[in-house]
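*Asks:* Positions 0 to 200 (numbering that gives the first Met the number 0) are the ones given, in order, by the sequence shown. Glycine is no exception: its CB is placed at the ideal position from the N, C-alpha and C atoms. Computed from a predicted model, the values in this text were never measured in an experiment. Below is one structure. I have some questions about it.
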Amino acid sequence: MMLAKSDRRPLAGGLRRAVFLDRDGTINVEKDYLCRPEEFTFIPGAPQAIRALKDAGFLVIVVSNQSGVARGYFGPAEVEALHAHMQSELAPFATAIDAFYYCPHHPLAGVAPYRVDCDCRKGRPGMLLQAAREYGIDLSRSFMIGDKAADIEAGQAAGCTSVLVLTGYGAETALKTNLTPFAICADLGAAAAAILHYPEK
């Protein structure tokens with residue numbers, strides 16, 4: 000099972016380009032198993048980066064592992080409430096996320112129906128593939144940005160160009176992984192700038 004909370008838009012025709020964003024540690028300050036809106040804090044520059052990507056014509060879609068659901072720390076309603084809070088916090092910047100996808104599963108922790116070896120948990124590409132089907136996205140012309148090896152793996156498995164940010168767990172990931180993302184950037188703002196200068200396929 001894969002859960003999605005989406006603000007759907009009709010397609011104008013043809014395949015779209017998207018930037019897929021990890022959530023915790025990429026958009027907002029990393030806090031273990033974040034679920035309370037009052038604990039949500041943007042990483043500086045993140046709202047401006049989201050707006051810049053959208054102004055350039057990209058769909059901006061959050062894809063997030065939320066194993067706290069499987070572990071019983073919070074439920075789907077809390078995840079979706081936090082996403083609604085994110086949208087309200089982005090509104091003063093005149094921007095918004097186009098869609099939220101999250102994986103509530105864990106292969107080892109928790110209980111049924113969430114204790115399952117699924118296809119949607121990053122580093123597998125299930126969430127990105129679902130978004131591509133539902134939003135008409137050309138994955139070969141799209142990007143995945145995150146702070147963990149699983150983000151880079153999911154993006155590459157989906158056929159996207161992956162970017163590692165050094166916020167969240169990114170600095171640790173850069174030291175430990177043998178993956179080769181397109182770029183390693185200080186934060187989401189720098190990643191957005193790199194994408195906006197990337198030659199379009």
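Name the residue from Asp116, Pro36, Leu187 and Leu20 whose alpha carbon lies nearest to the alpha carbon of Glu77.
*Replies:* Per the Cα distances, Pro36.
*Asks:* Tell me whether Leu164 is buried or exposed, calling it buried when 16 or more other Cβ atoms sit within 10 Å of its Cβ.
*Replies:* It should be noted that the sequence gives Val, not Leu, for residue 164. With 16 or more Cβ atoms within 10 Å of its Cβ, Val164 is classed as buried.
*Asks:* Determine the DSSP secondary structure at Leu215, reduced to helix, strand or coil.
*Replies:* The displayed coordinates of the chain run from 0 to 200. Any statement about residue 215 would go beyond what the structure contains.
*Asks:* To the nearest angstrom, report how far apart Asn64 and Tyr197 are at their CA atoms.
*Replies:* Near 27 Å, if we compare the C-alpha coordinates of Tyr197 and Asn64.
*Asks:* Give the DSSP-derived three-state secondary structure of Phe39 in the structure shown.
*Replies:* Coil at Phe39, not helix or strand.
*Asks:* May I ask you to verify whether the region 147 to 162 touches the region 16 to 23, counting CB pairs closer than 8 Å and requiring at least 3?
*Replies:* Yes, the region 147 to 162 is in contact with the region 16 to 23.
*Asks:* Under DSSP, the beta strand (DSSP E) around Tyr134 begins and ends at which residues?
*Replies:* Per DSSP, Tyr134 belongs to no beta strand (DSSP E); it is in the alpha helix (DSSP H), Gly125 to Tyr134.
*Asks:* Let me know the alpha helix (DSSP H) ranges lying completely inside the region 149 to 187, each 4 residues or longer, listed in chain order.
*Replies:* Here the runs fully enclosed are 169 to 175.
*Asks:* Can a CB atom of chain B be found closer than 7 Å to the CB of Thr172?
*Replies:* Absent here is chain B; the protein component of the structure consists of one chain.
*Asks:* Pull up the DSSP beta-bridge partners for Ile144, would you.
*Replies:* According to DSSP, Ile144 bridges with Leu20 and Val162.
*Asks:* Pairing CB atoms from the region 32 to 46 with CB atoms from the region 180 to 196, are three or more of them under 8 Å?
*Replies:* Short answer: they touch.
*Asks:* Quickly, what does DSSP pair Leu58 with across the bridge? List them, please.
*Replies:* BP columns for Leu58 point to Ala17.
*Asks:* So, are the CB atoms of Ala69 and Tyr113 less than 7 Å apart?
*Replies:* Going by C-beta atoms, Ala69 is nearer than 7 Å to Tyr113.
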